[in-house]
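In the numbering used here, the protein residues as written are 120 to 160.
We put the beta carbon where it would ideally sit given N, CA and C, even for glycine.
Being a predicted model, the structure only gives us computed values, none of them experimental.
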C-alpha cells in the first residue's frame with residue numbers, strides 16, 4: 120500500500136516520523152510522565 124501522490128507520500132512520511140517520535144518518548148520517559156503530559160495537553 121504505497122502512497123501514490125506526492126502529497127500522500129509527504130503525509131505518510133510525517134506520520135512515520137510521529138510514530139518514531141512516540142516510540143522514542145515511550146522508551147526514554149516512564150509511563151507516568153507521558154500520562155501527565157497527555158492529561159495536561
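In this chain, the alpha helix (DSSP H) harbouring residue 151 covers 150-159. The three-state reading of DSSP puts residue 146 in helix, counting H, G and I together. DSSP places residue 123 outside both helix and strand once states are collapsed to three, so it counts as coil.
Residue 153 places its beta carbon 8 Å or farther from that of residue 143.
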